[in-house]
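Notes follow once the structure below has been shown.
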Amino acid sequence: MNRMKHKNGVRVRRKVIQGAMFGIFKICAAANGIALAIMLYFLVSRGWRAISWTFLTQPPIDSMTKGGILPCIVGTLCLSIGAIAVALPIGVASAIYLHEYAHPGRILRLIRLGINNLAGVPSVVFGLFGLAFFVVYLDMGVSILAGALTLGALTLPVIIGSTEEALRAVPDTYREASLGLGATKWQTIYRVVLPTALPGILTGTILGISRAAGETAPIMFTAAVFFTPSLPTSIFDEIMALPYYIYVLATAGTDIEATRPLQYGTALVLIALVLGLNLIAIIYRSRLRRGR
């Protein structure tokens, strides 16, 4: 009888603890959702009046107090796509080597430690690195190429980490079955492991796009300029970008209060642009998962 009471007490205590933990998780998730909703409401309520066809298709005019943000949109797209084009193949290849080929040991642990530490380095440090190495040492100047390479280096640790996790999630039985059928190690990785891990790799790509599109410090040293009304025609052209444009309007504009709606409108366009790029990657990832 006492044993039954003890078991019932343990069961009730476990249910109470489980309910309390689930409640804490729900509160944390709700807090994140509420914070996001408040931020979006704040931006939409103050920036929607600035959104118009002219705002999206014209360059800034009258000392950037009027006109649109087309050069900023094009510049942000160029930098984001360029950063992913640089970081994705290098990051995936690095993760494949670290997980599939490298032998466990002290050197491998040091490499992973360096990648993890690199992921926590402030973005301004990457900006200074890009300025010193790409802009000055390699003589690229302030350009799309220098900015894309800098943002690629910034997003590289995220892509390497997420790709390694995706490769780690592929069951070893897949590899063993492929090797048992006579496939080489590279054929196994290329035809079996990578297609299975691709949705997880795309998750890291989504995070990389989000970080690259929203960074200000790296591009203000390497790619973005205060004002240029023309669209880029070469990867060696300097450009305007949405994050840096917001910073300029909010801190160094000719009439900060008069451009306040433009600031919020530009921030709203930046969020919409990032969400749009993420949505494309998410839809593609979902289709891949359904096709498996």
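What the sequence shown shows, in my numbering, is residues 435 to 726, in sequence order.
In this text, a Cβ means the ideal position worked out from N, Cα and C, and glycines have one as well.
Reduced DSSP category for residue i - H, G, I as helix; E, B as strand; rest coil
i	result
Pro770	Because residue 770 is not part of the residues shown, which for the chain are 435 to 726, the question remains open.
Ile515	helix
Ile690	coil
Ala658	strand
Ile669	coil
Asp573	coil
His533	helix
Ser664	coil
Ala701	helix
Gly616	coil
Gly548	helix
Pro605	coil
Pro652	helix
Gly525	helix
Assumed close pair residue i, residue j - CB separation to whole angstroms, cut-off 8 Å
i	j	result
Ile603	Gly634	The sequence as given places Ala at residue 603; Ile does not occur at that position. Indeed, because the Cβ distance is near 6 Å, the residues count as touching under 8 Å.
Gly561	Pro652	4 Å
Ile716	Ile640	7 Å
Glu534	Leu601	7 Å
Ile593	Leu490	About 30 Å; that fails the 8 Å criterion.
Val559	Ala647	With a Cβ gap of about 19 Å, Val559 and Ala647 do not count as contacting.
Ala657	Leu513	6 Å
Leu702	Ile530	Wrong, their Cβ atoms sit about 39 Å apart, outside the cutoff.
Leu583	Gly564	7 Å
Pro695	Arg480	7 Å
Enclosing alpha helix (DSSP H) for residue i [first to last residue]
i	result
Gly634	628-648
Tyr678	676-685
Pro591	578-602
Ala559	A small fix is needed here, since residue 559 is Val in this sequence, not Ala. 557-564 is the extent of the alpha helix (DSSP H) around Val559.
Residue i classed as buried or exposed, judged by whether at least 16 other C-beta atoms fall within 10 angstroms
i	result
Gln697	buried
Thr700	buried
Ile714	exposed
Ile578	buried
Ala471	exposed
Val727	Lying outside 435 to 726, the shown extent of the chain, residue 727 is not represented and no answer is given.
Glu610	exposed
Leu474	exposed
Glu691	exposed
Phe459	exposed
Pro494	buried
Leu547	exposed
Met674	buried
8 Å Cβ cutoff, residue i in contact with chain C
i	result
Ala463	The question asks about chain C, but that chain is absent: this structure has only one protein chain.
(message) Threshold first: 4 residues or longer. Then list the alpha helix (DSSP H) segments lying entirely within the stretch 453-506, N to C.
(response) Qualifying alpha helix (DSSP H) stretches, in chain order: 487-491.
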